[in-house]
Amino acid sequence: SGLAFNLCNSGTLSVAPGKTLDISGNLFNLADSTGFAIQSDATGTGQLKVTGSASGNVSFERYMSGQKFHLFSPPLQGQSITRFLTNPANINISTGTRDGWVTTFRGLADYNPSVNNWNSYFVNSTSGNLSSGKGYELRIKNSVAGTVKITGTVATSNQSVTVGKDWNCIGNPFASAIAANSNAQATNNILSQIGSSLNPSFASVYYWDGALSSSAYQVINNTTPEASAYIQAGQGFFLRMKNTGSVSLTT
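First residue of the sequence shown? That's 1284 in the working numbering, and the numbers climb one at a time after it.
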């Protein structure tokens, strides 16, 4: 077993963009989210891996380009939708209208597999928390890129995600990247673990790449030679399922 990692209530710790803090024991964070931050910028996003249990809230940033759509998934647990939308750090995320949108359009919504479309945008008074392992459509209004912030606890065990038949938007529920295909990790990867539950004609992971000039979905699978592919912390993606049920995502 590993050693415990303790952060006292007056302590501060930041995981810099592109760096990883790997704790091979338990995490005891008494400094809460004001003292423990995982940072992100244009060069990358920090990662936190905890082998044992984890207690105490941390804050997590996700860098995003402005005036573009993103598939987002909460990398921490327990973040209320209201506090996420009203957090001054996330002021560029709010309610919006898809039809006739202008450059200041912004929004956050989840996907409904029963109708294969996005649900209505959340409003500041929407109850409940962002769901671990669930994917969301997110757009910030400013033309200047920046970060959104989420606070909550770190998931350290496998996460079960409910899915419907057909297309589902789910996401990475952990504060570190997970392997998507066998080139990234031989067996502990999304496609190897849940491939039998996918529609066989769509046995792939589909992620949105807004950085492309055409902004399009990109495909990751195990059937064609590809480079190692990972789903980053805070990233959502689509799967097409054969049936209603659940899938398990592992660290």
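Think of the CB as a built atom: it goes at the ideal place given N, C-alpha and C, for glycine as much as any other residue.
The shortest C-alpha to C-alpha distance from Gly-1478 to any of Ala-1460, Ala-1458, Asn-1505 is the one to Asn-1505. Within the region 1466-1503, the runs of alpha helix (DSSP H) at least 4 residues long that lie entirely inside it are, in chain order, 1473-1477. For Gly-1519, the enclosing beta strand (DSSP E) starts and ends at 1519-1524. Annotated three-state conformation of Ala-1372 is helix, per DSSP. In this structure, Ser-1487 keeps its C-beta atom at 9 angstroms or more from the C-beta atom of Val-1444. Restricting attention to Gly-1517, Ala-1438, Ser-1480, Pro-1300, the CA atom closest to the CA of Ser-1529 is found in Ser-1480. According to the DSSP assignment, Thr-1430 belongs to the beta strand (DSSP E) that extends over 1429-1435. Residue burial is scored here from C-beta neighbours: Ser-1316 has at least 16 other C-beta atoms within 10 angstroms and is therefore classed as buried. The shortest CA-to-CA distance from Glu-1344 to any of Arg-1422, Gly-1335, Leu-1391, Pro-1358 is the one to Pro-1358. Between Val-1298 and Thr-1436, the gap from beta carbon to beta carbon reaches 9 angstroms or more. The residues Ile-1306, Leu-1310, Val-1437, Thr-1439, in chain order, have a CB closer than 6 angstroms to that of Val-1333 in the same chain once the five nearest residues on each side in sequence are set aside. Counting C-beta atoms within 10 angstroms of its own C-beta, Ser-1397 has fewer than 16 neighbours from the protein chains shown and is therefore classed as exposed. Given a length threshold of 3 residues, each whole run of the beta strand (DSSP E) inside the region 1320-1377 is given here in chain order: 1330-1333, 1341-1347, 1352-1355. Annotation for Gly-1390: the continuous beta strand (DSSP E) segment containing it runs 1390-1395. According to the DSSP assignment, Thr-1534 belongs to no alpha helix (DSSP H), since it is labelled neither H nor E.
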